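Peer 1: In our numbering, the protein residues as written are 328 to 623.
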Amino acid sequence: MTIATITEHKSFQQVDQEVCSVEELPNQEYLERLRLEQTLEVVLEKKPKLYFYQAGQALNELLKRKLYRSSHTSFDLYCQQTIGISHSQAYRYIHAATILDNLQSSNSENQQPILPTTERQIRALNNIEPSLQREVWLSAVQKAAGQPPSNTIVTEALLHVLIKYGKVQNPYSIGEVCQIIAHNNPYLKDKNGCWCIVQKIDTTTCTVVTWEQDCTLSFDYLKSFHYCDTERAQMQLLCDRINKLRNRGYLEEVATSVLKQLGRIQRPYLIPLEENLLSTLEKTQNQITTAHGLSK
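Okay, here's the thing in structure tokens:
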């Protein structure tokens with residue numbers, strides 16, 4: 328799911344939309360370009376702590392002052408041919424340096440700031456206004472128990488802040504059939520690709536039922552199948568049949584394996600073989616339940 332940003336700040340890419348003319352640099356600017364290129368060569372090769380910040384500062388200076396104009400008509404070509412990185416990577420470094428400066432300035436003098444350690448951690452904060460960058464980062468740090476948060480945590484915090492200001496709304500409805508997309512969340516690894524049915528919606532989450540259990544997920548971990556009402560009803564019936572089997576207990580390993588496979592189908596119906604397997608399990612389960620009842 329792509330998260331929309333609140334503001335429409337002018338991007339760094341727009342600074343260099345016009346192709347500039349190749350011209351000789353004044354001596355002072357030429358020396359400054361050499362210094363910045365040397366800095367980039369060292370930090371991109373050795374990658375010291377917060378190297379992305381140093382790289383972003385140097386690249387931003389080259390971009391703003393167009394110090395590349397003595398050899399290239401555009402910043403994009405300069406990055407590729409001289410620095411040896413793609414223009415998209417260059418802009419990510421520039422964004423990251425600007426964001427880190429903003430996060431540093433938001434901390435009080437008596438408080439040790441918790442700052443990002445990689446560019447990827449704050450990539451989701453590109454092109455949102457500085458006050459929101461700080462709010463999202465603070466929320467993400469709290470979620471990460473005072474440690475530098477991962478990109479996933481920052482993205483989740485951003486989503487919650489956007490929802491808080493009414494810029495994103497829960498796109499799902501009760502009864503909707505979705506697929507679980509785990510992204511990099513290790514807790515959802517076993518559920519990745521499973522279908523689920525939305526049972527309850529909240530501002531930022533959906534409570535869903537899967538083939539094995541109910542769970543509550545942030546809605547950015549869901550992807551709708553866009554089924555029609557009839558298809559939704561068919562999936563609800565399948566879900567009820569599977570959960571009825573599980574709730575009865577006495578499931579053997581092979582039966583659980585069959586249900587697990589049925590919990591990953593990506594169509595609103597069973598093929599004949601699947602229907603036969605499920606029906607056989609239901610009959611067997613009824614027999615086992617009856618036998619246990621008689622034995623008691």
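Think of the CB as a built atom: it goes at the ideal place given N, C-alpha and C, for glycine as much as any other residue.
It should be emphasised that the depicted structure is a prediction, and the values quoted were computed from it without experimental measurement.
Whole angstroms is fine: what's the gap from leucine 459's alpha carbon to arginine 594's?
Peer 2: Along the sequence shown, one-based indexing puts residue 459 at 132. Along the sequence shown, one-based indexing puts residue 594 at 267. So the two alpha carbons sit approximately 40 Å from each other.
Peer 1: I need the boundaries of the beta strand (DSSP E) containing leucine 549, first residue and last residue.
Peer 2: On the sequence shown, residue 549 is found 222 positions in, with the first residue counted as 1. Per DSSP, leucine 549 belongs to the beta strand (DSSP E) from 549-551.
Peer 1: Please return the same chain residues whose Cβ sits closer than 8 Å to the Cβ of lysine 704, not counting the five positions on each side in sequence.
Peer 2: No answer is possible for residue 704: it lies beyond the span of the chain, which begins at 328 and ends at 623.
Peer 1: Using the rule of at least 16 other Cβ atoms within 10 Å of the residue's Cβ for burial, across every protein chain shown, is lysine 391 buried or exposed?
Peer 2: One-based indexing of the sequence shown puts residue 391 at position 64. Per the 10 Å Cβ criterion, exposed.
Peer 1: Just the Cα atoms here: how many angstroms apart are lysine 527 and cysteine 542?
Peer 2: The residue you call residue 527 lines up with position 200 of the sequence shown. The residue you call residue 542 lines up with position 215 of the sequence shown. If I take the Cα positions, the gap works out to 10 Å.
Peer 1: Throw me the rounded Cβ distance for the alanine 471 and isoleucine 449 pair, which I believe falls under 8 Å.
Peer 2: Start at 1 with the first residue of the sequence shown, and residue 471 comes out as number 144. Start at 1 with the first residue of the sequence shown, and residue 449 comes out as number 122. With 8 Å as the limit, alanine 471 and isoleucine 449 do not qualify as a contact, their Cβ atoms being about 13 Å apart.
Peer 1: Is it buried or exposed for arginine 362, if we count other Cβ within 10 angstroms and need 16 for buried?
Peer 2: If you number the sequence shown from 1, residue 362 lands on position 35. Looking at its Cβ environment, which holds fewer than 16 other Cβ atoms inside 10 Å, arginine 362 is exposed.
Peer 1: So what's tryptophan 522 in DSSP terms, helix, strand or just coil?
Peer 2: The residue you call residue 522 lines up with position 195 of the sequence shown. The answer is strand: DSSP assigns tryptophan 522 an E or B state.
Peer 1: How about the segment 400-414 and the segment 442-456: do they share at least three Cβ pairs that are nearer than 8 Å?
Peer 2: Counting Cβ pairs under 8 Å, fewer than three are found: no touch.
Peer 1: Please report how far the alpha carbon of threonine 425 lies from the alpha carbon of glutamate 539, in whole angstroms.
Peer 2: For the purposes of this step, residue 425 is taken as residue 98 along the sequence shown, with counting starting at 1. For the purposes of this step, residue 539 is taken as residue 212 along the sequence shown, with counting starting at 1. Rounded to the nearest angstrom, the two C-alpha atoms are 46 Å apart.
Peer 1: Below 8 Å CB to CB, which residues in the same chain sit around glutamine 407 once its five sequence neighbours on both sides are set aside?
Peer 2: Residue 407 sits at position 80 when you count from the first residue of the sequence shown. Ser413 and His414, listed in sequence order.
Peer 1: For the segment 495-504 against the segment 462-477, are there 3 or more C-beta pairs whose distance is under 8 Å?
Peer 2: Touching, no.
Peer 1: Sort Asn574, Ile598, Leu352 and Tyr596 by Cα distance to glutamate 609 and report the nearest one.
Peer 2: Numbered from 1 along the sequence shown, position 282 holds the residue referred to as residue 609. Per the Cα distances, Asn574.
Peer 1: Can you tell me which of Ala582, Lys491 and Lys376 puts its alpha carbon nearest to the alpha carbon of glutamate 611?
Peer 2: Position 284 of the sequence shown, counted from the first residue, corresponds to residue 611. Note on identity: in this sequence residue 611 is threonine, with glutamate being the wrong assignment. Minimum Cα distance to threonine 611 is reached at Ala582.
Peer 1: Please state whether the Cβ-Cβ distance between asparagine 497 and isoleucine 507 is less than 9 Å.
Peer 2: On the sequence shown, residue 497 is found 170 positions in, with the first residue counted as 1. On the sequence shown, residue 507 is found 180 positions in, with the first residue counted as 1. No, they are not a contact pair.
Peer 1: By the DSSP assignment, the alpha helix (DSSP H) with glutamine 448 in it spans what residues?
Peer 2: Position 121 of the sequence shown holds residue 448. That residue, glutamine 448, is in no alpha helix (DSSP H); it is neither H nor E in DSSP.
Peer 1: DSSP on serine 500, reduced to helix/strand/coil?
Peer 2: As a position in the sequence shown, residue 500 is number 173, starting the count at 1. Correct three-state label for serine 500: coil.
Peer 1: Using a Cβ-Cβ cut-off of 8 Å (strictly less than) and excluding sequence neighbours within five positions of glycine 590, which residues of its own chain qualify?
Peer 2: Here the question's residue 590 lines up with position 263 in the sequence shown. Around glycine 590: Cys521, Trp522, Thr537, Trp538, Glu539 and Ile569.
Peer 1: Using three-state DSSP, classify lysine 527 as helix, strand or coil.
Peer 2: Locating residue 527 in the sequence shown gives position 200, counting from the first residue. In this structure, lysine 527 counts as strand in the three-state DSSP scheme.
Peer 1: If you follow the alpha helix (DSSP H) that valine 468 is part of, which residue opens it and which one closes it?
Peer 2: Position 141 of the sequence shown, counted from the start, is the residue given in the question as residue 468. Note, valine 468: alpha helix (DSSP H), 457-470.
Peer 1: Threonine 583 by DSSP, collapsed to three states: which one?
Peer 2: For this step, residue 583 is matched to residue 256 along the sequence shown. If DSSP states are grouped into helix, strand and coil, threonine 583 belongs with the helices.
Peer 1: Kindly provide the ranges of any beta strand (DSSP E) runs that are 3 or more residues long and lie completely inside the segment 535-579, ordered along the chain.
Peer 2: Whole beta strand (DSSP E) segments, 3+ residues: 541-545 and 549-551.
Peer 1: Whose C-beta lies closer than 8 Å to the C-beta of glutamine 344 among residues of the same chain, with five residues either side of it excluded?
Peer 2: The residue labelled residue 344 in the question sits at position 17 within the sequence shown. In this prediction, glutamine 344 scores a pLDDT of 49, lower than 50, which makes its location untrustworthy; no coordinate-derived value is stated.
Peer 1: Identify, in the order they occur along the chain, each residue of the same chain with its Cβ nearer than 8 Å to the Cβ of threonine 479, setting aside the five sequence neighbours on each side.
Peer 2: Here residue 479 refers to the residue found at position 152 when the sequence shown is read from its first residue. So the qualifying residues of the chain are His510, Asn511 and Asn512.
Peer 1: Cysteine 505 bridges to which residues according to DSSP?
Peer 2: Taking the sequence shown and counting its residues from 1, one reaches residue 505 at position 178. Per DSSP, Cys523 and Ser551.
Peer 1: In its own chain, which residues sit with a C-beta less than 7 Å from the C-beta of alanine 625, not counting the 5 before and 5 after it?
Peer 2: There is no way to answer for residue 625, as the model of the chain reaches only from 328 to 623.
Peer 1: Would you identify the three-state DSSP class for cysteine 347, choosing helix, strand or coil?
Peer 2: Looking up residue 347 in the sequence shown gives position 20. Note: cysteine 347 maps to coil in three-state DSSP.
Peer 1: Tell me which residues share the same chain as leucine 386 and place their Cβ nearer than 6 Å to its Cβ, disregarding the 5 neighbours each side in the sequence.
Peer 2: Residue 386 sits at position 59 when you count from the first residue of the sequence shown. Contacts found: Ala417, Tyr420 and Ile421.
Peer 1: Quick check: the Cα distance between arginine 447 and phenylalanine 552, rounded to an integer number of angstroms?
Peer 2: Working through the sequence shown from its first residue, we reach residue 447 at position 120. Working through the sequence shown from its first residue, we reach residue 552 at position 225. Whole-angstrom Cα-Cα distance: 30 Å.
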